[in-house]
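Enquirer: Have a look at this one.
Number of protein chains: 2
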Amino acid sequence: MAALSYRPALREDVSAEDPARVRRLVESTGFFSAAEVDIAEELVLEALARGDAAGYFFCFASSGEDRLDAYACYGPIPCTASSYDLYWIAVRPQLQGLGLGRELSERVEQRVAQRGGTRLYADTSGRAQYEATRRFYEHCGYHRAAVLSDFYAPADDKIIYVKVLDSDRRRTDGRSHAGGHDLRSEG
Amino acid sequence: MAALSYRPALREDVSAEDPARVRRLVESTGFFSAAEVDIAEELVLEALARGDAAGYFFCFASSGEDRLDAYACYGPIPCTASSYDLYWIAVRPQLQGLGLGRELSERVEQRVAQRGGTRLYADTSGRAQYEATRRFYEHCGYHRAAVLSDFYAPADDKIIYVKVLDSDRRRTDGRSHAGGHDLRSEG
Chain A
37 MAALSYRPAL REDVSAEDPA RVRRLVESTG FFSAAEVDIA EELVLEALAR GDAAGYFFCF
97 ASSGEDRLDA YACYGPIPCT ASSYDLYWIA VRPQLQGLGL GRELSERVEQ RVAQRGGTRL
157 YADTSGRAQY EATRRFYEHC GYHRAAVLSD FYAPADDKII YVKVLDSDRR RTDGRSHAGG
217 HDLRSEG
Chain B
37 MAALSYRPAL REDVSAEDPA RVRRLVESTG FFSAAEVDIA EELVLEALAR GDAAGYFFCF
97 ASSGEDRLDA YACYGPIPCT ASSYDLYWIA VRPQLQGLGL GRELSERVEQ RVAQRGGTRL
157 YADTSGRAQY EATRRFYEHC GYHRAAVLSD FYAPADDKII YVKVLDSDRR RTDGRSHAGG
217 HDLRSEG
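In order, the protein sequence lines correspond to chains A and B.
With positions in the first sequence counted from 1, the corresponding number in my numbering is that position plus 36.
With positions in the second sequence counted from 1, the corresponding number in my numbering is that position plus 36.
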């Protein structure tokens, strides 16, 4: 694969400015309700307050000083042995289609595998508006595990996607790979 | 249906003693992991600390002064229009099979319908040990909406049950029925 012409810096530590940045990013997509935007921000605040114990981990992509271009939030699902949830993944609208979501998704898979995770779940809506989101997950190797009819609202199904992480990847120490990968990781 | 010979008092307010009582009850069933027991207690603490804003509601059954015989915990699923989760339902082992779980389940349905809920979800494990739990949900009118393979652990599937609440019930003001129902409600 040719190098991406757009190459943002990726970082994983959470800073005090990130809750507001995540809010602005998530709002900018136009895909999330006010309640969802609140939750997106809340998870960042939880991680700031409680650290790893909160169970929310992040990958932030930015090309400028004070702006996020994209981010993902994931974490272990409580009371499971090794299942993880990709809670959020969002890319600024004008940067969609450049492969940034895919890069974040791969980074998340790498980190989850390093933490011993074996399955990664992602939920989305069955509504027409989310067609691109569903195609994105399928493109990233997720498959549909279940459909819960009318879950979000009448005529708004919940689609549960899952990606089973391969054991070769789990045996790999991804950290030593990061330098040779086509991702740039900068703190 | 003939009156139950065992008729505990049902109450819905949460008291300061309930977190420890719920812990003892949930532990007594032998069905839940240490992490699950912690979460069961945590939800009661959340409700005590934040009231209705916590989003966790309870129905407690007891026949003695300081002991719970059974309880259920339910609440609205965030970011859904009218879906609820039956997070917990547990009955003390020596009182199982007397219809107490069914009574609690019906009370929860009534309350959810009064709050405008239209769908009630309950998750359980696909393992052999949970056969009675699955039969219980099916007996209460739930049906299987989905199976997530290996969700909890390898060979430990998650079974998602759902019960669609009928609109006749939603139009009923359950409160005015409580006196004539075969449940006793005492605060």
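Cβ coordinates follow ideal geometry from the N, Cα and C atoms, glycine included.
(1) On the DSSP letters alone, give me the boundaries of the beta strand (DSSP E) that B/R170 sits inside.
(2) Suppose you measure from the CA of A/Y178 to the CA of B/D105; what does that come to, to the nearest Å?
(3) If contact is defined by three or more beta carbon pairs under 8 Å, each pair taking one atom from either stretch, is the stretch 139 to 159 of chain A in contact with the stretch 79 to 90 of chain B?
(4) Quick one: what does DSSP say A/T160 is sitting in, helix, strand or coil?
(5) Using 8 Å as the cut-off, can you tell me whether the stretch 120 to 130 of chain B makes contact with the stretch 57 to 76 of chain B, which would need three or more C-beta pairs spanning the two stretches below that distance?
(6) Could you pull out every residue in the same chain whose Cβ sits closer than 6 Å to the Cβ of B/F93, ignoring the five residues on either side in sequence?
(7) Taking buried to mean at least 16 other C-beta atoms within 10 Å of its own C-beta, is B/V183 buried or exposed?
(8) Identify which residue in B/E139, B/G152, B/L131, B/K199 has its Cα closest to the Cα of B/A158.
(9) Less than 8 Å separating the beta-carbons of A/I173 and A/Y188?
(10) Quick check on this structure: which residue in B/T116, B/R57, B/K194 has the alpha carbon closest to the alpha carbon of A/A191?
(11) What is the DSSP secondary structure of A/S99, reduced to helix, strand or coil?
(12) What's the call for A/R171, buried or exposed, on a 16-neighbour Cβ count within 10 Å?
(13) Within the same chain, show all residues whose beta-carbon is closer than 8 Å to that of A/A56, passing over the 5 residues directly before and after it, in chain order.
(14) Tell me, please, which residues DSSP counts as bridged to A/S119.
(15) For B/L61, which three-state DSSP category applies?
(16) Identify whether B/L136 lies in helix, strand or coil by the three-state DSSP scheme.
Expert: Taking the definition as stated:
(1) As a working note, residue 170 of chain B is residue 134 in the second sequence. Looking at the DSSP string, B/R170 is not in any beta strand (DSSP E); the run it does join, the alpha helix (DSSP H), is 167 to 175.
(2) As a position in the first sequence, residue 178 of chain A is number 142, starting the count at 1. As a position in the second sequence, residue 105 of chain B is number 69, starting the count at 1. For A/Y178 and B/D105, the distance between alpha carbons rounds to 43 Å.
(3) no
(4) Position 124 of the first sequence, counted from the first residue, corresponds to residue 160 of chain A. Correct three-state label for A/T160: strand.
(5) yes
(6) As a position in the second sequence, residue 93 of chain B is number 57, starting the count at 1. The residues Y110, G111, in chain order, have a CB closer than 6 Å to that of B/F93 in the same chain once the five nearest residues on each side in sequence are set aside.
(7) Residue mapping note: residue 183 of chain B aligns to position 147 of the second sequence, counting from 1. Under this definition B/V183 is an exposed residue.
(8) One-based indexing of the second sequence puts residue 158 of chain B at position 122. The shortest Cα separation from B/A158 among B/E139, B/G152, B/L131, B/K199 belongs to B/K199.
(9) Mapped onto the first sequence, residue 173 of chain A falls at position 137. Mapped onto the first sequence, residue 188 of chain A falls at position 152. Strictly speaking, residue 173 of chain A in this sequence is Tyr, with Ile absent from that position. No.
(10) Counted from its first residue, the first sequence places residue 191 of chain A at position 155. Here the closest residue by C-alpha is B/T116.
(11) One-based indexing of the first sequence puts residue 99 of chain A at position 63. Here A/S99 sits in coil by DSSP.
(12) For this step, residue 171 of chain A is matched to residue 135 along the first sequence. Counting Cβ neighbours within 10 Å, A/R171 comes out exposed, since fewer than 16 surround it.
(13) As a working mapping, residue 56 of chain A is identified with position 20 in the first sequence. Same-chain partners within the cutoff: E77.
(14) Start at 1 with the first residue of the first sequence, and residue 119 of chain A comes out as number 83. In the DSSP output, where bridge partners are listed per residue, A/S119 has A/R155.
(15) The residue you call residue 61 of chain B lines up with position 25 of the second sequence. Residue state for B/L61 is assigned as helix, using DSSP reduced to three classes.
(16) To locate residue 136 of chain B, count along the second sequence from 1; it is residue 100. Residue state, collapsed to three classes: helix.
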